[in-house]
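S.K.: Okay, here's the structure, questions in a sec.
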Amino acid sequence: MAAAAASRARPQRAGWAGVPRGFGGLREPPRRCGDGMRALRRVGGAAGSSPGVARCLGGLPVRGCGIPPGREGLQSCRAVEVPAGLTGRKEPAAAALPTMSQPIPVQITVLNAQDLKTLKSNLLSTLVRVEYNGAVLGESPKTHVLPDGTAEYDFSTSFECSPDGPNSLDILVQKPLLLTLLEVSGKDKKKPEKITPLAQAVVDLLPLLQGVRSLKVLAPLYAVPASPSRLYPEATAGLEVTVSSKELLLSATQFSSGNLMSITLEAAYSVPEAFTPDAQQNYMVCLQIPAADEKELLLLFKNGILKADGEKEPLPRPKNWPLGPILAPDALNIPESFIVGGPYEDEDGELNKSEDREFRIQAESTRRVVWDTEIRCFLDAAAVAVLQMRIAERRHWPVELCRMSIASGGKGKASKLDKRDEDKQIAFHGVAYVNMMHLLCPGVKQIRGAFRVFNYQDSEVFQKTKVQYSIFRDRRSQLSLGKERLGTSPGSKAAPNKAPKEEKDCNATYSEAGTFLVMEIKLDKPLVPKRLREELVQRVKELIPPRPALPPQVEGAKKVVEDYHKRVTSVAVAILREYHELFGKQLLDRGVMDHETMEEQKRQLNYELNTSGKYFAFKEQLKYSVVRIVREKYLKTTAFETKEELQAFLSELYVYLVDHMHMALNKLLSGEDVSPAPPPHTTKKQLLLFAHEAEANRDLKLASLFHKQRIARDQRSIQAWLDYGAFCLLYEDATKALECFQQAVCLDPQCIQSLLLCGIVSVKLRNYEDAEIFFEDACCLEPSSIIAWTIAGLFYELQNNYIQAERSFREAKKLLRAQLEEERRMLEAAEGDGKKPSSPSRDPEKFPDGSADKPPEVVEGVTSKEEATAVQEAPEAPEPQPPPCTIFMKTVEFLKKFNAIRFVHKALAHELLSLQGGPTCAYYLAMAWTYRLREDFPRCEECLREAVRIDPLNPNVWAQKGHLCYLQRDFDQAKDCYERVISFVEDAEDLHFVYLRLGSIYLDEKEYGRAKHIFLLACDNSASCLTWLGVGIACYRLEEMLEAEDALSEANALNNTNAEVWGYLALICLQGGRQLEAEQCYKYTVKLGLRNDALLQEIRDAQHRFGFGDPSL
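In the working numbering, the protein residues as written are 122 to 1234.
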């Protein structure tokens, strides 16, 4: 017993021919030719010369192998055949990694085990076997398990890492260390001890390539299915292991300049019916990754599991190590690495359209081959450069799929059959084309998707990928296939005449079945780094020329003194008003007022001010300005130390305030700067409305003036600059529009709208590099902006960068789905609480979305034949539903607001392709808008006709139709459309212009009562100079002179530069006999250039009739 324990305490001695005992995870020595092949190859690799070693091995008595020693044995044993290209054991995979001058030993130490009692309560003795890359490195001595479930092993072993050996750096990246916990039992001395596997654990060695020389982990133990530990599903046992190397396997520079690639093969779905569950078949997938020095790194996925119809795989589910079958299948799971899936629309491959969804769902629960395996590889800087170049050249990457037969025995003639099978065409040989161009997009580190499997045809593969060979057919010798063969079963005979037919039948099944692979390619770092936010901000600053700073808001001593003067003037005017109310406004014509009367009036005024509380109100008005003078002029912000200092300061302040009070009063009484300029009667919102009115009337000069007034009112208003830029983009030149949008960016560099509009105008000016900077900055600044991603996608499409465009559109669609899902949850929560759910906002960025408008209810009194016909043709439905909300219609509404017609057309083209049920009403409305701006009235009319057919109850449709008829001077048809719009329960978007144009039609038709009513509705909705002018004209024609003058006065207060307002005021003054006012109004009418010749002639006729009003008379 002691001798046996001592022998196990040492590393496991080599068995036959230097191969360790328990090879491949089994305790028995290798028994078959395939095992012998792997063992002989390892020995050959260690010896360094494959042909010489093969001759030596021919004379060795191999246990478990019936091949005789000698040259005949070597020729008849396939295990000794060294594949072409592998002489000297130089793996092509090692070309992707830096070479090492000397092998580096990797030390493994198994320290202890914990919680072993959770595996088996009566566990007494155990040992640990250490394996790596299919070879047993050694076994620990038998160790007793303590009552607390721990066991101390302190067992060490090692292997050498060498690019020319079996354990290269590529193997370290791909495969983990395998630890097997064995139970040692048996008390009878006459019988040998019984060793039973209990559990297995794995240790990932990747940290050794990431600059770590030593790592210590607690590897969880996973139970072997046949072991008693399966009775304890809550087992938490683990092995404490340390792994170290004497020197770094990769330097920090080598690792940082390289890249780690992970390829996950999930499954092949919708496989041919010829795929049947058979233990003699192995389903494999292989692809190649370019490495340095024109070499290739071959990645092979083996042991695919064929599953019949049933439930689809759960999500998320763990990824597996590429180890093949082991004793504890749960140990194959890679820690913290899962297949999470996701919406089909977010994938990068094929079959990701909405029409493919049903097929994908059905295929996931039918016949399929599942791998769920991840293979990693590290590429150095040279390999990364080659990979980028190959992707740019080839775009698509071939991924080959085939079914392999496993040799089931046979001696003597096996090599001849194998040779004959290799010469035959490969059965079930398919290829999927993976579009790798996504990896060349900035910041992209991962692609995942479904890729169709096609018949493998050399011409087609070369045309798409520029690859002239097949891995399974032409480079099978570089694959360690073991017992698998690429042909028919071993017992079958060659049938050259039937081979082409078999190939055709087998290959055709992939296309007929619609087979597709689902796989993921992931990089540790993107091949093309994405610009950082700081870099984008700096580039934007460089693109926008420096502008002079806006005048600062003065808050110094001069400003506060001026404010004090204004306050004194305001109080003085208020006191004078109180004096006039008490004593009247009569002037002293007979000399100066006597002293007693003045004192009496002063006493009564003081009494009135004090008793009414106005004195204290005036004092409070002056208080704030005095405090600011103390702070800004005298810089006093702290308390005084002594009363003397306080009294001295108060005396000085009093004298100063009284002096400046006299200065202000002198200016007031002398008539100089009597009062500040009155505040404007119009707001910035009203100025914008006036500008839009001028645009609608084609008075572009006046519209530009209103926009400039908005900016002059507040030069820091971003929206004012954006609105003026949109006006310039449509009616003037793009250069001025770009200046306006750049000014908005200067005011707020984080304004998404400003950045997007700068990019749009840059495209119009053909500054595509600048446009890309603006769009990328917008997406980086606001990653949740649907509109930003969509506009960026439209730009990349203009540049023929379809990969980047597709990714941008996909990101926008993902954000839209998340938004709609959140709104749906909110609605459900509101309904669950018994509250009336509000209509969800269909745009998170608060841009108007016409596609979300709900049709109004049917209104009685509809008599139009066109509408009646449209209603009859419309399909019956219990409740009209809003059209589907898409990223393109959301973007169209934003682009329409800023007159980006080119991008509107691009977005509408995508909208037309994305809708399955045909164009929507919102689509036709947007198209009609673009044609109307371009004055292409026939096409506009055609679009509106389709919109009326789709949604005859939409007020926006009839409003647009009315505008079209108005521009075509078909006023009767326009009036019908406008009357229908105002009869709807729901208002149209541009109801203001509906009122204006309908009222003007009524005035032309001399229906003054209806015109007055419509214009009053317009004033109530959004008052402007034109709406009050309409009211004034209607009242004047109705001979309601007082109401007409009031309305025209309101119009003049809103815009005192409207010549027509002055003209009608002149008529009213002439009718009232007010000669001075009539002449003044007529002067302004002529000065402002009245263009209404009929009105001008009417004024002159009235002047001649009344005999005044024209100074020249």
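Each residue gets a CB set at the ideal place from its N, CA and C atoms; glycine is no exception.
Values in this document were obtained by computation on a predicted structure and should not be read as measured data.
Assess, as a yes-or-no matter, whether the region 441-453 is touched by the region 913-929 under the definition of 3 or more beta carbon pairs within less than 8 angstroms.
M.R.: They do not touch, by the three-pair rule.
S.K.: Would you grab the beta carbon distance between Leu644 and Leu560 for me? Rounded to a whole angstrom, and I think it's under 8 angstroms.
M.R.: So it is a contact: roughly 7 angstroms between Cβ atoms.
S.K.: Is it buried or exposed for Gly95, if we count other Cβ within 10 angstroms and need 16 for buried?
M.R.: Outside the shown range of the chain, which is 122 to 1234, sits residue 95, and nothing can be said about it.
S.K.: Could you check whether Gln925 and Cys562 sit closer than 8 angstroms to each other, using their CB atoms as the reference points?
M.R.: Yes, the Cβ-Cβ distance between Cys562 and Gln925 is below 8 angstroms.
S.K.: Using a Cβ-Cβ cut-off of 7 angstroms (strictly less than) and excluding sequence neighbours within five positions of His1224, which residues of its own chain qualify?
M.R.: Reading off the sequence, residue 1224 comes out as Gln, not His. Answer for Gln1224: Leu1191, Gly1230, Asp1231, Leu1234, listed in chain order.
S.K.: Thinking just about the alpha-carbon of each residue, which of Leu360, Lys440, Glu720, Leu300 is nearest to the one in Met640?
M.R.: Among Leu360, Lys440, Glu720, Leu300, the Cα nearest to that of Met640 is on Lys440.
S.K.: Report back the beta-carbon spacing between Val751 and Leu774 to the nearest angstrom; my notes put them in contact at under 8 angstroms.
M.R.: Going by Cβ atoms, the distance from Val751 to Leu774 rounds to 7 angstroms, so yes, they are a contact pair.
S.K.: Apart from the five residues just before and just after Lys934, which ones in its own chain have a Cβ nearer than 7 angstroms to its Cβ?
M.R.: Counting only Cβ-Cβ distances below 7 angstroms, and skipping sequence neighbours, we find Glu466, Ile1008.
S.K.: Do Ala358 and Leu245 have their C-beta atoms within less than 8 angstroms of each other?
M.R.: Not a contact, by the Cβ cut-off of 8 angstroms.
S.K.: Thinking C-beta only, is Val1025 closer than 8 angstroms to Lys1018?
M.R.: No, Cβ-Cβ distance for Lys1018 and Val1025 is not below 8 angstroms.
S.K.: Run the CB neighbour count on Asp493, radius 10 Å, all protein chains shown included, and call it buried at 16 or more, exposed below.
M.R.: Classification of Asp493: buried, given that the 10 Å Cβ count is 16 or more.
S.K.: What's the gap between the Cα of Tyr404 and the Cα of Ile460?
M.R.: Approximately 20 angstroms, taken between the alpha carbons.
S.K.: Relative to the C-alpha of Val490, which residue among Val505, Asp430, Val507 is closest?
M.R.: Comparing Cα positions, the closest option is Asp430.
S.K.: Pick helix, strand or coil for Glu988, following the three-state DSSP scheme.
M.R.: Note that Glu988 scores 40 on pLDDT, short of 50, meaning its location in the model is unreliable and no value can be drawn from it.
S.K.: Between the Cα of Gly259 and those of Thr271, Thr239, Leu298, His265, spot the shortest distance and give me the residue it belongs to.
M.R.: Cα-wise, what sits closest to Gly259 is Leu298.
S.K.: Tell me, which residues are paired with Ala340 by DSSP?
M.R.: In DSSP, Ala340 forms a bridge with Leu360.
S.K.: Looking at Thr271: is its Cβ nearer than 8 angstroms to the Cβ of Ala234?
M.R.: Closer than 8 angstroms, so yes.
S.K.: How is the beta strand (DSSP E) around Tyr253 delimited, first residue to last?
M.R.: Where Tyr253 is concerned, the enclosing beta strand (DSSP E) stretches over 246-253.
S.K.: Kindly indicate which three-state DSSP category Gln578 falls into: helix, strand or coil?
M.R.: Coil, per DSSP.
S.K.: Given a threshold of 16 other Cβ atoms within 10 Å of its Cβ, counted over all protein chains shown, does Thr239 qualify as buried or as exposed?
M.R.: Buried, because 16 or more other Cβ atoms sit within 10 Å of the Cβ of Thr239.
S.K.: Could you check where the alpha helix (DSSP H) with Met719 kicks off and where it finishes?
M.R.: First-last of the alpha helix (DSSP H) with Met719: 716-733.
S.K.: Glu1110 to Leu808, Cα distance in whole Å?
M.R.: The alpha-carbon atoms of Glu1110 and Leu808 are separated by roughly 19 angstroms.
S.K.: What does His1134 pair with, by DSSP beta-bridge criteria?
M.R.: DSSP output for His1134 lists no bridge partner at all.
S.K.: Only counting the same chain, and skipping five residues up and downstream in sequence, which positions put a Cβ closer than 6 angstroms to that of Ala1095?
M.R.: Cβ within range, chain order: Gly1083, Cys1086, Tyr1087.
S.K.: Could you tell me the distance, in whole angstroms, from the CA atom of Glu91 to the CA atom of Asn1077?
M.R.: Only positions 122 to 1234 of the chain appear in the structure, and residue 91 is not among them; the question remains open.
S.K.: Suppose contacts are defined by Cβ-Cβ distances below 8 angstroms. Is Cys1098 in contact with Ala1068 by that definition?
M.R.: Against a cut-off of 8 angstroms, the Cβ pair of Ala1068 and Cys1098 comes out as no contact.
S.K.: What are the residues that DSSP puts in a beta bridge with Pro411?
M.R.: Bridge partners of Pro411: Glu417.
S.K.: Should Phe396 and Ile496 be called a contact, given that it needs their Cβ atoms to be closer than 8 angstroms?
M.R.: No, these two residues do not count as a Cβ contact at 8 angstroms.
S.K.: Flag this pair as yes or no: are the beta carbons of Val555 and Val520 separated by less than 8 angstroms?
M.R.: Contact: yes.
S.K.: What residues match up with Tyr554 in a beta bridge as DSSP calls it?
M.R.: According to DSSP, which records beta bridges pairwise, Tyr554 is partnered with Pro519.
S.K.: Counting only C-beta atoms, is His781 closer than 8 angstroms to chain C at any point?
M.R.: The chain inventory of the structure shown lacks chain C, comprising one protein chain alone.
S.K.: Determine the DSSP secondary structure at Tyr390, reduced to helix, strand or coil.
M.R.: The answer is strand: DSSP assigns Tyr390 an E or B state.
S.K.: Do you know how far the Cα of Phe862 is from the Cα of Arg660?
M.R.: Near 16 angstroms, if we compare the C-alpha coordinates of Phe862 and Arg660.
S.K.: Just how far apart, CA to CA, sit His1113 and Leu1065?
M.R.: Going by the C-alpha atoms only, they are around 20 angstroms apart.
S.K.: Below 8 angstroms, can you find three or more Cβ-Cβ pairs linking the region 1174-1190 to the region 1144-1163?
M.R.: Touching, yes, given that three or more Cβ pairs across the two stretches are closer than 8 angstroms.
S.K.: Compare the beta carbon distance of Phe276 and Tyr253 with 8 angstroms and say whether it is the shorter of the two.
M.R.: Cβ atoms of Phe276 and Tyr253: not closer than 8 angstroms.
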